[in-house]
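Each residue of the sequence shown is one higher than the last, beginning at 49 in this note's numbering.
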Amino acid sequence: MNQKMSRRQPPLLILPSLAWFIVFLIIPIGIVILYSVRHKGAYGQVDWSLNLDNYKRAFEPIYLMIVARSLWLAAYTTAICLALSYPLAYFMARSSEGAKKALLALVIIPFWTNFVIRVYSLKLVLGEAGTINSVLLKLHLISAPLQMVDNSFGVSIGMVYNYLPFMVLPMYVALDKFDFTLMDAAYDLGATKTQTIIRVLLPLSLPGIVTGSLFVFIPAFGEFVIPDLLGGSQSMYVGTLITETFLKSRDWPFGSALSSFLVLFAMAAFMFVLSRQAADDENLRRAENTAPAPLPDTKVALHV
Numbered sequence: 049m050n051q052k053m054s055r056r057q058p059p060l061l062i063l064p065s066l067a068w069f070i071v072f073l074i075i076p077i078g079i080v081i082l083y084s085v086r087h088k089g090a091y092g093q094v095d096w097s098l099n100l101d102n103y104k105r106a107f108e109p110i111y112l113m114i115v116a117r118s119l120w121l122a123a124y125t126t127a128i129c130l131a132l133s134y135p136l137a138y139f140m141a142r143s144s145e146g147a148k149k150a151l152l153a154l155v156i157i158p159f160w161t162n163f164v165i166r167v168y169s170l171k172l173v174l175g176e177a178g179t180i181n182s183v184l185l186k187l188h189l190i191s192a193p194l195q196m197v198d199n200s201f202g203v204s205i206g207m208v209y210n211y212l213p214f215m216v217l218p219m220y221v222a223l224d225k226f227d228f229t230l231m232d233a234a235y236d237l238g239a240t241k242t243q244t245i246i247r248v249l250l251p252l253s254l255p256g257i258v259t260g261s262l263f264v265f266i267p268a269f270g271e272f273v274i275p276d277l278l279g280g281s282q283s284m285y286v287g288t289l290i291t292e293t294f295l296k297s298r299d300w301p302f303g304s305a306l307s308s309f310l311v312l313f314a315m316a317a318f319m320f321v322l323s324r325q326a327a328d329d330e331n332l333r334r335a336e337n338t339a340p341a342p343l344p345d346t347k348v349a350l351h352v
């Protein structure tokens, strides 16, 4: 009886998560896809007749250029976050327990503040009358305020500032589990610091790098708050395009088609990373199974 109950428990335990997944992910995506194959009606209404032109329209050159700009934004945001986060995560992993807790608190503290408030605070710091320009003008280092917002520079600063913790935390988890005696062993075998980092540290911390890059790249590709507040009217990205299509143009079918592509891209990137991770795990398992047998015990060998 107990065995039957234990067999029934695992499926029952996943029911709440499965219900949440269906209600708040599968059904909304289905509604978006349903809207994407309809016509735009008069006065922002939706004509429910079948229409596939929205997907064709999404491949027009002007929209492909916006997608390319968004991909470039997500790519260099991820690269900058990676370059800044890896040394910090490495330092955190090598620090004492007290220092680890303090540094983790500093990384997590920004999450205690509302996302929009953090972006507005950057606008106050980087604006023409902001803190940086005021200090530079008082020191007579510049003669006129620098234009650091309402352009791509402000968007870049905002993206890196807000997404940096998403890169630091996964890499810290990976490096905190890393056995640093492997680096000492590499040094003893004659490897240089550069060789040790490239051939020992980076490959074994790759899961953290991939996870952090995924956490940054996917939301950065569809970001709309930061470009809208710090990029001005001249910065158009996928996120801002979808927002304006829904709220200003009231073209829900075309906005749904763009959103469908965005969701499809995120799912494809996530599945690609999962498949690569599964392939790496399988290769590691095969390598362990085909490893040579250990040498016999010395005493047994001498006795023979």
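Glycine included, each C-beta is placed from N, C-alpha and C at the ideal position.
Spatial neighbours of residue i in its chain, beta-carbon cut-off 8 Å, leaving aside the 5 residues before and after
i	result
A67	none
P213	V155, I156, P158 and F159
L61	none
L172	G178 and T179
A147	M140
F318	L262 and I266
D345	Low confidence applies here, because D345 scores a pLDDT of 49, under 50, leaving its location unreliable; read the following figure in that light. Result list for D345: empty, nothing under 8 Å.
D329	none
A327	none
A239	R247 and V248
Close beta carbons around residue i, own chain, < 6 Å, minus the five adjacent residues each side
i	result
N102	S84, P301, F302 and A305
A122	F265, A268 and F269
L63	none
A349	Bear in mind that the predicted position of A349 carries a pLDDT of just 39, short of 50, making it unreliable; the figure below should be weighed with that in mind. Closer than 6 Å at the Cβ level, and outside the excluded window around A349, lies no residue.
Under 9 Å between C-beta atoms of residue i and residue j
i	j	result
T125	M231	no
S118	D198	no
L277	G256	no
S308	I77	yes
G270	V203	no
F163	V264	no
A141	F226	yes
A234	T244	yes
N210	R247	no
P193	L187	no
W96	R105	no
Reference residue i, options the options, closest by Cα
i	options	result
V216	L61, I128 and F272	I128
S200	P275, V183, F228 and L262	P275
I180	Q195, T229 and P218	Q195
L82	S65, L100, A316 and A192	L100
Y220	F139, Y211, A233 and L172	F139
V94	F294, A317, E330 and F228	F294
L289	I110, I70 and F69	I110
S143	L249, F228 and R333	F228
D299	Y91, P59, S65 and I74	Y91
Q325	N337, L130, V258 and A239	V258
V80	N210, P193, V311 and W120	V311
L98	K88, A106 and R105	K88
L254	F107, L73, Y134 and I75	Y134
S169	G238, I205 and S323	I205
Other residues of its chain near residue i: CB distance less than 7 Å, five sequence neighbours each side excluded
i	result
L136	V216
L250	none
A131	none
P218	G256, T259, G260 and F263
L73	none
V321	V258 and L262
- Query: For the region 171 to 186 against the region 152 to 163, are there 3 or more C-beta pairs whose distance is under 8 Å?
  - Reply: no
- Evaluate contact between the region 100 to 115 and the region 281 to 293, counting only Cβ atoms and requiring at least three cross-stretch pairs below 8 Å. yes
- Query: What alpha helix (DSSP H) runs, 4 residues minimum, are completely inside the region 68 to 130?
  - Reply: 75 to 84 and 101 to 105
- Query: Could you give the uninterrupted runs of the alpha helix (DSSP H) lying entirely in the region 129 to 188, keeping only those of 4 residues or more?
  - Reply: 145 to 156, 163 to 174 and 179 to 186
- Item | Within the region 224 to 248, ranges of the alpha helix (DSSP H) (whole runs, at least 4 residues) | 229 to 236 and 241 to 244
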